[in-house]
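Accompanying notes for the structure given below.
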Amino acid sequence: MRAVKALSLALVVLAACAAPAMADETSNIFRGGLQYVWVEGNTSYKIDGVNLDIDSDPGFGFYLAYEYRMKMLGIELSTAYSSHDGTGSASGLSKSTKQITGEYQMIPLSVALNFHVFGRSYVDLYLGPVVGYYFMSDDLDNAFGYGAQIGADWNLSDSGLALNTALKYMFVGADVKNLNETYDVDPLSLQVGLAWRF
Numbered sequence: 011m012r013a014v015k016a017l018s019l020a021l022v023v024l025a026a027c028a029a030p031a032m033a034d035e036t037s038n039i040f041r042g043g044l045q046y047v048w049v050e051g052n053t054s055y056k057i058d059g060v061n062l063d064i065d066s067d068p069g070f071g072f073y074l075a076y077e078y079r080m081k082m083l084g085i086e087l088s089t090a091y092s093s094h095d096g097t098g099s100a101s102g103l104s105k106s107t108k109q110i111t112g113e114y115q116m117i118p119l120s121v122a123l124n125f126h127v128f129g130r131s132y133v134d135l136y137l138g139p140v141v142g143y144y145f146m147s148d149d150l151d152n153a154f155g156y157g158a159q160i161g162a163d164w165n166l167s168d169s170g171l172a173l174n175t176a177l178k179y180m181f182v183g184a185d186v187k188n189l190n191e192t193y194d195v196d197p198l199s200l201q202v203g204l205a206w207r208f
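The structure is reproduced here in structure tokens:
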């Protein structure tokens, strides 16, 4: 019983000593900038004898993120926007082909668990898993996604300003409205912007 009390007291003292250190290591990071998004999905369907191919062009957009960092780990909340031109071709039994064009937007809300490789340094390299919910427009339903990202904050000044670069890949399958089929969007995002660490 005495050993249990001694161990409990030691844990309390250790926690009390570690708390200020944890507070010193905790920081906030805001990131934002422009992104270029490739839609990796290229899907083919065959519906009632009609062949339907769907493809999407890359598109520009922007991103915003906030990370709460504790030592080597951080929890990041982010959102983004990108617009894409979609191209579809439908060919039936008569071999005739009809081209279908349209535009759609993606607005993801994501949560990431970032592991900071070098701790606090001139180059703050981070990587980790990402999960998100994608709001889609027009003919695509909203969808969940998962993936990973790798990024770096490059220190620009003593005030905490940094250059942010990141690469994010997500697996996203969005249902095509009125077709009961899934379009593999799978966006690959290249992000370049600024970060403020404090």
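Numbering (this note's numbering), first residue to last: 11 to 208. No residue lacks a Cβ here, since even glycine has one placed at the ideal position from N, Cα and C. From a predicted model like this one, the values you see are computed outputs, not experimental measurements.
In summary, M146 is buried, with 16 or more beta-carbon neighbours lying within 10 Å of its beta-carbon over all protein chains present. Per DSSP, the beta-bridge partners of Y114 are H94. For Q115 and I160, the gap between their C-alpha atoms comes out near 24 Å. Annotation for D163: the continuous beta strand (DSSP E) segment containing it runs A153 to N165.
With respect to the C-alpha of Y143, the residue from L204, Y91 and N165 having the closest C-alpha is Y91. Within its own chain, the residues whose Cβ lies closer than 6 Å to the Cβ of N165, once the five positions on either side in sequence are excluded, are Y132 and A172, listed in chain order. The C-beta of M180 has 16 or more other C-beta atoms within 10 Å across all chains shown, which makes the residue buried.
In the structure shown, M80 adopts extended strand secondary structure according to DSSP, grouped into three states. Secondary structure at Y132: coil, using DSSP grouped into helix, strand and coil.
Taking 8 Å as the cut-off, the beta carbon of G170 is found no closer than this to the beta carbon of F128.
Only residues of its own chain outside the window of five on either side were considered, and among them Q159, I160, G161, L198, S199, L200 and Q201 have a CB closer than 8 Å to the CB of L177, listed in chain order.
Checking the DSSP bridge columns, you'll see S37 partnered with R79. In the DSSP assignment, V202 falls within the unbroken beta strand (DSSP E) covering P197 to R207. Distances from the alpha-carbon of G42 to those of L87, N188, V49 and F72 put F72 closest. Short of 8 Å from the beta carbon of Y156, and not among the five residues preceding or following it, lie these beta carbons of its own chain, in chain order: P139, V140, V141, G142, M180 and F181. In this structure L87 is exposed. Its beta-carbon is surrounded by fewer than 16 other beta-carbon atoms within 10 angstroms.
When DSSP states are grouped into helix, strand and coil, D148 belongs to the coil group.
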